[in-house]
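Heads up: the sequence lines are chains A and B, in that order. When we follow the working numbering, the leftmost residue of the first sequence carries the number 854, and every step to the right adds one. When we follow the working numbering, the leftmost residue of the second sequence carries the number 501, and every step to the right adds one.
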Amino acid sequence: MEKKIVDHLFRHHYGKMVAILTRFFGLSYIETIEDAVQDTFIKATLQWRKQLPDNPEAWLTKVAKNRTIDLLRSIKAEKNRIERINSGPSSIALNELFLDYEIEDSQLRMIFVACHPSLKPQEQIAFALKTISGFSTKEIAAALLIKEDTIAKRLQRARKTIVKNNIQFDFPPPHAIQERLHRVMEVVYLTFNEGFHSTNNAELIREDLCGEAIRLCKLLIKKEEFRSGSLYALFALLCFHASRLKSKTNESNEIVGIREQDRSQWHFPLIDIANSAMNKSMEYEDLSIYHYEAAIAFEHVKAKTFEETNWKSILKWYTKLYELQPTSFTSLNIAIVNLQLNELNTVKKVLENLKIKDLGQRQYLYFGSYAEYYLKRGEKALAQSFYEKAISKTSNSLEREYLRKKLAQLKS
Amino acid sequence: MKDFMMIFIGADYQELGLSPEELQGRMGKWMAWGEKMGAQGILKGGEALVPKIKRIIGKDRTVSDGPFADSKEIVGGYYIVTAEDADKVVEIAQDYPDYDLGGTVEIREVMVFDR
């Protein structure tokens, strides 16, 4: 038997089915729907062991439809709809929801629900990962480095808020779309970052998060009224970064710094996609942090070797970025670029004015930068103590190994 | 050659709250195992069982629905394979995918009656 199931089929189908069923039943049934969809997969797991259906996706869809009818039966209030669902306009309506175009439409609605302003930002991400992307509570906890209990509570709160505020499974009104899209893009961006810069050592989860962010971004771009310069720039940014994802770790699962990365391993088709998205983004008037971040990512992938990196241009983009978003993290990056340019006085000045606390889990980068600064100044003892501090601040074993290696080089 | 039943106990996916991605991964392993045994011509049959249990006990034929024991003790399915002896089945059972979830494989020889 040479039949093969598409990677992530279950996870992607989870989001699709939850979205379709929610469109039909309404958001107030979301918990029941999610449980029902989960059951479908357990059923598939047992049944397919024996024989894989000719078309697994069609099988899942069929079972989801049947599940829909089961659900109708179990939800008393909906009882008289059963008759109508087996024949008549309702059955047509239900069948239509399973058309590709409508599936995408339902998923987009779910994205907007996840980013509804009445949900707290942390709840939005958890809800999106669960309901749209089909991650389990445990997987979300692992991806975000947060306790499983906390994630479960956030999900519970999000669902409650949705029901309590009677949020509709619909797009925001036209005048509010751009503003809400802003938050949608943020959630996509944060999801990607969790994967790309994650302090998590499970490589699989990292790739999955990045893949999900790109998938959602693509889904948004398909709809003409959602397109904007920012959205294209965000898509470009994600693709530029993603092209380097594989080369960020080596076979023994150690972090490889951009200096040592094997540039021939970068995924060039993705870079092409990113380039054309970048060009597209110029056709619109809006300007966002994504434009600058994409420009920076582009400078990195453009350089054939690390030595050829155009740090001056990168510094220019970071300075522009800082004007839009004056965060400590941007400052830290400015310091790192200045390190490359050997502008050591500037490095010191920028680092000294940084609020370390704002850097959260990425504080180790701050100490790592100080270490490199002292190394360049020839003050080995200080460099060493900062490497040690950086090592103590990272929770990521790969990063830790990377820093340890640098420290060992310094000592030898 | 004799027939043996491999009985799978515990590791109920529903209860373990596995994610869709994990379920797909598990299923892939089960299918690979099934295909491997199929290719060797040793797999004779098998079924997965629904975890809902009904028991009829005693001379009064008392019917109860459980829950009975720990879910760790619930039989989730079985395969029947042909092999030289039980040790060979132990080898076959190395590929059972759910040991890490606390699952158990019990091997029992199917009795053959003299004619």
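Glycine included, every Cβ here is placed at the ideal spot set by N, Cα and C.
Leaving out five residues before and five after residue i in sequence, what residues of the same chain have Cβ atoms less than 7 Å from its Cβ?
i          : result
B:Asp-600  : none
B:Gly-546  : Gly-577, Tyr-578, Tyr-579, Ile-580
A:His-1153 : Ile-1111, Thr-1162
A:Glu-1047 : Ala-996, Leu-997, Leu-1062
B:Val-589  : Phe-504, Met-506, Val-581, Ala-583, Ile-607
A:Ser-1083 : Met-1038, Asp-1139, Ser-1141, Tyr-1143
B:Pro-597  : Arg-526, Lys-529, Trp-530, Trp-533
Please confirm if residue i has its CB atom under 8 Å from at least one CB of chain A.
i         : result
B:Leu-601 : no
B:Ala-593 : no
B:Met-537 : no
B:Leu-543 : no
B:Gly-534 : yes
B:Ala-548 : yes
B:Gly-517 : yes
B:Met-501 : no
Could you confirm whether any beta carbon from chain B is found closer than 8 Å to the beta carbon of residue i?
i          : result
A:Met-854  : At A:Met-854 the pLDDT is 42, less than 50, meaning the model places this residue with poor confidence and gives no usable figure here.
A:Tyr-1217 : no
A:Arg-864  : yes
A:Gly-987  : yes
A:Glu-1145 : The sequence given here places Tyr at residue 1145 of chain A; Glu does not occur at that position. No, A:Tyr-1145 lies away from the interface with chain B (no Cβ there is under 8 Å from its Cβ).
A:Phe-894  : yes
A:Trp-901  : yes
A:Thr-1003 : no
A:Leu-905  : yes
A:Thr-898  : yes
A:His-1094 : no
As a quick exercise: from the options, pick the residue whose alpha carbon is nearest that of residue i.
i          : options                                        : result
A:Phe-1045 : A:Tyr-1143, A:Glu-1001, A:Val-890, A:Leu-925   : A:Tyr-1143
A:Asp-1125 : A:Leu-1091, A:Asn-1106, A:Glu-1104             : A:Leu-1091
A:Val-1109 : A:Thr-914, A:Arg-1257, A:Leu-952, A:Tyr-954    : A:Arg-1257
A:Asn-1206 : A:Arg-1036, A:Leu-1194, A:Phe-1182, A:Gln-1214 : A:Phe-1182
B:Asp-585  : B:Met-611, B:Ile-574, B:Gly-538                : B:Met-611
A:Lys-1099 : A:His-1120, A:Tyr-1085, A:Met-870              : A:His-1120
A:Phe-988  : A:Glu-1032, A:Leu-1194, A:Asp-1002, A:Gly-868  : A:Gly-868
A:Glu-887  : B:Ile-557, B:Phe-508, B:Gly-517, B:Arg-555     : B:Gly-517
B:Glu-535  : A:Lys-896, A:Leu-924, A:Arg-902                : A:Arg-902
B:Val-605  : B:Lys-502, B:Arg-615, B:Glu-591, B:Asp-614     : B:Glu-591
Could you pull out every residue in the same chain whose Cβ sits closer than 8 Å to the Cβ of residue i, ignoring the five residues on either side in sequence?
i          : result
A:Thr-1172 : Ile-1187
B:Asp-570  : none
A:Tyr-1145 : Trp-1170, Tyr-1171, Lys-1173, Leu-1174, Leu-1177
A:Gln-960  : Gly-868, Lys-869, Ala-872, Ile-985, Leu-1072
Does any residue of chain D bring its CB to less than 8 Å from the CB of residue i?
i         : result
A:Glu-992 : The chain inventory of the structure shown lacks chain D, comprising the protein chains A and B.
Looking only at its chain, what residues have a beta carbon closer than 6 Å to the beta carbon of residue i, apart from the 5 residues adjacent to it on each side?
i          : result
A:Trp-912  : Pro-906
A:Pro-909  : Ile-858
A:Val-1200 : Ala-1188, Asn-1191, Leu-1192, Tyr-1226
A:Ser-1217 : Inspection of the sequence shows that residue 1217 of chain A is occupied by Tyr rather than by Ser. Closer than 6 Å at Cβ, skipping near neighbours: Ala-1243, Lys-1246, Thr-1247.
Can you round the beta-carbon distance between residue i and residue j to whole angstroms, since I take them to be within the 8 Å contact cut?
i          : j          : result
A:Ala-967  : A:Gln-977  : 5 Å
B:Glu-521  : A:His-866  : At roughly 11 Å, the Cβ-Cβ gap does not stay under 8 Å, so B:Glu-521 and A:His-866 are not in contact.
A:Ser-1222 : A:Leu-1192 : 6 Å
A:Ala-1011 : A:His-1094 : That belief does not hold up - the Cβ atoms of A:Ala-1011 and A:His-1094 are roughly 28 Å apart, past 8 Å.
B:Gly-603  : B:Phe-508  : 6 Å
Within the region 959-983 of chain A, note down every full alpha helix (DSSP H) run reaching 4 residues or more, in order along the chain. 974-980
Which runs of the beta strand (DSSP E) spanning at least 3 residues fall entirely within the region 874-917 of chain A, listed in chain order? none
Can you list the alpha helix (DSSP H) stretches of 4 or more residues lying completely in the region 1032-1111 of chain A, in chain order? 1056-1075, 1082-1095
Threshold first: 4 residues or longer. Then list the alpha helix (DSSP H) segments lying entirely within the region 1164-1232 of chain A, N to C. 1164-1177, 1181-1193, 1197-1205, 1216-1230
If you scan the region 1112-1166 of chain A from start to end, which runs of the alpha helix (DSSP H) of 4 or more residues do you find wholly inside it? 1121-1134, 1142-1155
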